[in-house]
Structures are given as C-alpha cells and as structure tokens.
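For reference, the structure discussed in these notes is given below.
There are 2 protein chains.
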Amino acid sequence: MGSLTQMEKQLKAISDANRLKLLACLKRGEVCVCDLVDVLQVSQPAVSQQLRKLKEAGIILERKKGTWKHYRLNEKQSPYIQAVLDALEPITLQQCGSTCTSNEGDN
Amino acid sequence: MGSLTQMEKQLKAISDANRLKLLACLKRGEVCVCDLVDVLQVSQPAVSQQLRKLKEAGIILERKKGTWKHYRLNEKQSPYIQAVLDALEPITLQQCGSTCTSNEGDN
DNA sequence: CGATTATATAAGTGAATAATTATATATGAG
DNA sequence: CTCATATATAATTATTCACTTATATAATCG
C-alpha cells in the first residue's frame, strides 16, 4: 500500500516530457541548473520547480558549489525508474561557457 | 522525440494509484470490468475511463464476451512498463459470482 | 419487440498541475 | 557593505485530470 503510493509518486515525477528531458540531460553526468534552463524552452523558475519534484521523489540529487547548484541522477534507483532512465536517449548539452565549470569534478 | 512523447504517454497512463491497482488486478490474468469496479472505490464510469486510458497507451487489451468485456495485460510491453508491472503486488479479487465467468478461458 | 444488464460516452465540476512574473535568498566580487 | 549573479520560493493563472451523474449503446432474455 505504502509502496503503491511511493510508486505513484515516483511515476508522477517522471511522467512529464520536460522532466524526462532533464533526466536525459543528467545521463551524461552532473549538470548545473543554468545549463538545463537552456535545454528546455521554459523559464528558470519552471526548471527549478521541476528539479525539486524530481529531487523530492528521490530520483536526482543536488550538490551545492558556490553560487551554483549541480544536479545528478541518484545512483540508487527503483528498478522501474532505472528502466525508464535506461530507455532515455541521452541529451548532450553545450555548457554555459566558463562561468559554470560543470566538469570540474573530473580533476 | 517521438519516442519521448510515446514514453510520456505511457508513463502518464500508469502514474495514478487507481490505474496501478487495475494493473495489479490484471497480473493474475484476464478480468471483467464488473470485478474491477468492486476493487476500486469509484463509480463504474470512472473505471471505464481509466481502462480506456490504459488501453489507449497500449498497456492493456480488451476482449468482448457477450455483454461483458474482459481486460488483460498486453503481452508485449516496453521494458520500462514491464518493470513497473513486475514491481506491482498482484491483487486477487473475488469474482462477481457466476454471473461473469471470468475464468471460462481455462476450459 | 420490450426489458434488463454490462459497459461506454457525454457533460459538468473541483482539485491538481505546470507555466508565468515578481520577489527572496545566498554566494562571491569589489 | 554593496552589487551582481545563481537559484529558489511565492502568488497567480490556464490547463489538465479524475471524479460524478445522466444518458447511450449493445447484447441477452423473456
């Protein structure tokens, strides 16, 4: 019962084209919000709210880095969420120049 | 892109507690509508509309049997839909007596 | 045919959703 | 401390959604 409720919450969180796109962006790794805003054709607050929904469902995690916030896929997913992630075509995004060095984690 | 739209449609179709319950009922096999109405605490038209949504997403199939209509899970599912079905606890339902012999298919 | 039963469709309504604009918070630069 | 930038939250609004009641369709029974 509780598991059905939890399942519903997670499924609701991903059953939206824009949020699926956000997840597709995160398949390649951690991304900062400013880069995500460019991908979707919506405002920054809209992206922020959708990220929150994904976060509250436990599907993504956040990491604060100075003024920026980086989001990434949670490495622990329910099997059915993982199956959706596996089916998503990754989206490669151009980063917002040097301002937000999303890939500093590689160092 | 089209695949993302299709994915969204299917995920929307299952991201609802009542529709998840319907799917859980169908895990054991074909069931007629009258039995499903008893499981959910909603009206018959509500059940009918939810079944239609699942059918339009290609997740369930219908079979007409006289006055009754029997629904069952589509045997061909996208992997991510199948993963959800696998995670669902089956719901066993008492059939509506002899009026609707859901299990005549066993003969 | 007319009545009954099973299911579907139509119309209407309240709640949830996802966007927008405006504003708040928080960090870093000078 | 003040300003600029990145992100979040609040308030509002239009749309979507899932229910309800009423009605239509379709098959069976007498």
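Protein sequence lines correspond, in order, to chains H and B.
When you line the first sequence up against the working numbering, it's residues 1 to 107, in that order.
When you line the second sequence up against the working numbering, it's residues 1001 to 1107, in that order.
Note that beta-carbon positions come from the ideal geometry of N, C-alpha and C, so glycine has one too.
request  = Using three-state DSSP, classify I60 (chain H) as helix, strand or coil.
outcome  = Strand at I60 (chain H).
key: Terminal residues of the alpha helix (DSSP H) in which K1021 (chain B) lies   = Where K1021 (chain B) is concerned, the enclosing alpha helix (DSSP H) stretches over 1017-1026.
ask   = K12 (chain H) CB to nearest chain B CB: under 7 Å?
value = Any Cβ of chain B closer than 7 Å to the Cβ of K12 (chain H) would place that residue at the interface, and such an atom is present.
request  = Assuming K1053 (chain B) and R1019 (chain B) form a contact by the criterion Cβ under 8 Å, report the distance between their Cβ atoms to the nearest whole angstrom.
outcome  = Taking C-beta atoms under 8 Å as the contact rule, K1053 (chain B) and R1019 (chain B) qualify, at a distance of about 7 Å.
Rounded straight-line distance, which links the Cα of C32 (chain H) to that of L40 (chain H) = Going from the Cα of L40 (chain H) to the Cα of C32 (chain H) covers about 13 Å.
request  = On a CA-only basis, which of B:Q1077, B:P1045, B:L1026, B:K1069 is nearest A1057 (chain B)? Give me that one, please.
outcome  = Closest option to A1057 (chain B), Cα to Cα, is B:Q1077.
ask   = Mind checking A1046 (chain B): buried by the 16 CB within 10 Å criterion, or exposed?
value = So A1046 (chain B) counts as exposed.
key: Residue of B:I1060, B:K1027, B:D1038, B:S1015 minimising C-alpha distance to E1089 (chain B)   = Of the candidates B:I1060, B:K1027, B:D1038, B:S1015, the one whose C-alpha sits nearest the C-alpha of E1089 (chain B) is B:K1027.
query = According to the neighbour-count rule (16 or more other Cβ atoms, all chains shown, within 10 Å of its Cβ), is S48 (chain H) buried or exposed?
reply = Flag for S48 (chain H) reads exposed.
query = Hey, does L1004 (chain B) have any beta-carbon neighbour from chain H nearer than 7 Å?
reply = At least one chain H Cβ lies under 7 Å of L1004 (chain B).
task = Verify whether the separation of the beta carbon atoms of Q85 (chain H) and D35 (chain H) is less than 7 Å.
result = The question names Gln, but residue 85 (chain H) is Leu in the sequence shown. One thing to note: L85 (chain H) has its Cβ no nearer than 7 Å to the Cβ of D35 (chain H).
inquiry  = Within 10 Å of its beta-carbon, does E30 (chain H) have 16 or more other beta-carbons around it, so buried, or fewer, so exposed?
reply    = Buried: at least 16 other Cβ atoms inside 10 Å.
key: Three-way DSSP call (helix, strand, coil) for V1042 (chain B) in this model   = Under the three-state reduction of DSSP output, V1042 (chain B) falls in the coil class, being neither helix nor strand.
message = Less than 7 Å between CB atoms is the rule here; does L20 (chain H) satisfy it with respect to chain B?
response = L20 (chain H) counts as touching chain B.
request  = Within 10 angstroms of the Cβ of K1064 (chain B), are there 16 or more other Cβ atoms? Answer buried if so, exposed if not.
outcome  = Label assigned to K1064 (chain B): exposed.
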